[in-house]
Amino acid sequence: MISALRNSVRASVTSVVRLFQTSTPQATEKFVHKRIPAPDEGVQGEKIIDLDSALKTKQNLFPTLESDYQLYNGIPYKDLPICNIRVSHNNTIFTLTEPDGKVRIIRSCGMEGFKNTKKGTNIAAQTTGITIATKAVVQGYNTVRVRVQGLGPGRLSAVKGLQMGGLNIVSITDNTHVSWNPPRARKARRL
Amino acid sequence: MHLSLRLLSNRHPSFIARTVFVQNNDIDNACRLINRIMGKEGLLAQYRLTRYYEKPFQTRRRVNHEKCKAIYNEDMERKIQFVLRKNRHEPFPGCY
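Residue numbers (the working numbering), protein chains in the order written: chain A, 956 to 1146; chain B, 614 to 709.
Have a look at this one:
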C-alpha cells in the first residue's frame, strides 16, 4: 500500500520535472548561409538603373576633349582639388589633395572616434565626410572632384557626406584597382 | 593635345575613364550611374572574385554553372518571346 503510494508520488514528481527540459535542445534545421542578407557595399543601382535612358536624356555626363579646361567656380577642371576616398569593408579614409597630389587634409572613420566594426559602417563614412568637407570649406576648397576606390558600405554615403558638409562636387571617378591577371590572392575565408 | 598626351603616357588615365559628371548637384544619380556602368562592364564582379584565391575546382564549377545558366536563360527568353508574340494566325489558340 505504502509502496504503491510512494510510486504514484514519484511518478507525479518525475512528470512535473519533465516539464523543464534540461537536455541541450536538438537542432531542428541546418543553418543556411543564404539567409544572411547580402552585405551592403554601397553599390546601389548596380542592377537597377536603365543605362540607355540615362545616356539618351542627359548631355555632358562624361569627360570629353574639352572637359579638362572647362571652368568650375573659375578653376579649370584639371586644376580642381581632388578628394580621394578609400573605401574598404572595415574603414573609410578621405584625403583631400591638390591636383598634383599633395595631401592637404586626411581623415578616416577611425580618427573620427568610431572604433572596431563601427568604422566600416555607412553612418561612420557619412559623418567623416561631413567633417572633412567642413574643414575643406574652412581652408578654402569649395569645389572638388571625387575619386572613389574600393567597395564597402561607405561607398555611396561617403560622397553624400561630402555634399552635406558643403562641398560642391563636380565629378565622381571610380579608381578601384581591378586586374584580370592578379597575383595570387589570399586564401579563401572558411565560413 | 594635353588629353592625348595623358592618354599616351598612362594606360589608365584618371578623370577620363570611369568618370561621371554630377548634374544639378544630384549625387545619388551620378553614383548610381557609375555603379551601373561598373557593374555592366563586369569590373565589380571581377573585383569581388579576386579578393580571395579561387581554387581551380571552384573555377571549373563556377564556369560550368555560368554556362548552364546562360543556356537556360536563352531558352527561357525564347519561350517567353514565343508566348508573348503578336500577329498570330489564330489569336487565341486552343480557345473556342
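Think of the CB as a built atom: it goes at the ideal place given N, C-alpha and C, for glycine as much as any other residue.
(request) Work out the CA separation of residue 991/A and residue 699/B for me, nearest whole Å. (result) 43 Å
(request) Establish whether the CB of residue 1049/A and some CB of chain B are separated by less than 8 Å. (result) no
(message) Quick check on residue 685/B: buried or exposed, where buried means 16 or more other Cβ atoms within 10 Å of its Cβ?
(response) exposed
(request) With a cut-off of 8 Å on the beta carbons, I'd call residue 1094/A and residue 1130/A a contact; round off their distance for me. (result) That pair is no contact at about 23 Å.
(request) Indicate whether the contact test is met: 3 or more Cβ pairs, each with one atom in the stretch 1037-1045 of chain A and one in the stretch 692-706 of chain B, closer than 8 Å. (result) no
(message) Once the 5 residues before and after residue 996/A are set aside, which same chain residues still bring their CB inside 8 Å of it?
(response) 1106, 1107, 1108 and 1110
(request) Work out the CA separation of residue 1047/A and residue 1091/A for me, nearest whole Å. (result) 17 Å
(request) Please say whether residue 632/B and residue 1072/A have beta carbons closer to each other than 8 Å? (result) no
(request) Give the straight-line distance between the Cα atoms of residue 683/B and residue 1002/A, rounded to the nearest whole angstrom. (result) 18 Å
(message) Please return the same chain residues whose Cβ sits closer than 6 Å to the Cβ of residue 1034/A, not counting the five positions on each side in sequence.
(response) 1054
(request) Just grab the DSSP bridge partners of residue 1038/A for me. (result) 1051/A and 1101/A
(message) Looking at residue 660/B: is its Cβ nearer than 8 Å to the Cβ of residue 1142/A?
(response) no
(message) At the level of alpha carbons, what is the spacing between residue 652/B and residue 1006/A?
(response) 11 Å
(request) Output yes if chain A places a C-beta closer than 8 Å to the C-beta of residue 628/B; else output no. (result) yes
(message) Using C-beta distances below 8 Å, list every residue in its chain close to residue 1065/A, excluding the 5 sequence neighbours before and after it, in chain order.
(response) 1046 and 1074
(request) Please say whether residue 663/B and residue 1140/A have beta carbons closer to each other than 8 Å? (result) yes
(message) Give the list of continuous alpha helix (DSSP H) stretches no shorter than 4 residues that lie fully inside the stretch 626-675 of chain B.
(response) 640-653 and 656-662
(message) Could you tell me the alpha carbon to alpha carbon distance between residue 643/B and residue 1124/A, rounded to whole angstroms?
(response) 11 Å
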